[in-house]
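Below you'll find the structure, written out as structure tokens, and then a few comments.
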Amino acid sequence: MTTEADEVATLDQALAQTGRVIASVGDDGWSLATPCAGWDVAEVVRHLVASIRMMRVSAEGGTPQRGQSDPVEGDLVAAYREAAAGLLDAWSSPGALESTRDFGGHPVPAAFALGVHRIEVVIHGWDVAAARGRTGELDPVLAEIALASSRAMLRPEFRGTAAEGKHFGPEVPVPEDAPAYDRLAGWLGRSPGASQRL
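In this note's numbering, the protein residues as written are 54 to 251.
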């Protein structure tokens, strides 16, 4: 049985893993293309930092206002570390996984919201690692956890194009025996082949 401590611990592991990936991006790595269509590494990291800041508002019981977060500028590694620490602190506070949290304007169980946050962190960490051809360094257990959560959460109406305002494209078929991150990427509408670009 999964406990609240397990949920927070795996979020901590995901945040740390993605932090290591981001910290390893050299000066010439920020402009590399990622599996997120039209976004380079720097854009993915800026998006992730802004998302984590909104996640923290939700984790603390507030209502995030999309599009109203402060711009992410300057040292992206430091910005990520600060945002990640804030999110982990919020979910680590006593009673954080009790009651409900805001998710897209709707109340959901707190554990559900944390699961969504963990998926976001894991897949964007993979995006950056894939851009650099370093996905083999990622912990497959985190991918399995994110995949199981996302299969339970991601409904067909959430899929579509960016022009339609959708965050997930159609599922990309991936063999059942493929590596965990390939299966996660495919399920979330990314091409796992992107991880083999280098």
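No residue lacks a Cβ here, since even glycine has one placed at the ideal position from N, Cα and C.
This one's a predicted model, so the numbers in the text were calculated from it and none came from an experiment.
In this chain, the alpha helix (DSSP H) harbouring residue 236 covers 233-240. Under the DSSP assignment, residue 155 falls in the beta strand (DSSP E) whose first and last residues are 153-156.
As the crow flies, the alpha-carbon of residue 245 is around 24 Å from that of residue 105. The DSSP-derived three-state label of residue 117 is coil.
Per DSSP, the beta bridge partners of residue 86 are 93. In this structure residue 236 does not touch residue 223 by the C-beta definition: roughly 15 Å separates them, more than the 8 Å allowed.
Rounded to the nearest angstrom, the Cβ distance from residue 241 to residue 203 is 6 Å, consistent with a contact under 8 Å. The C-beta distance from residue 147 to residue 153 rounds to 17 Å, too long to meet the 8 Å contact threshold.
Going by beta carbons, residue 133 and residue 169 fall outside the 8 Å limit. DSSP places residue 109 in the helix class (H, G or I) of the three-state scheme.
Of the other Cβ atoms in all chains shown, fewer than 16 fall within 10 Å of the Cβ of residue 205; this residue is therefore exposed. Nearest in C-alpha terms to residue 229, of all of 209, 166 and 197, is 197. The bridge partners DSSP lists for residue 161 are 154.
Between residue 95 and residue 84 a beta carbon distance of about 7 Å is seen, short of the 8 Å cut, so the two are scored as contacting.
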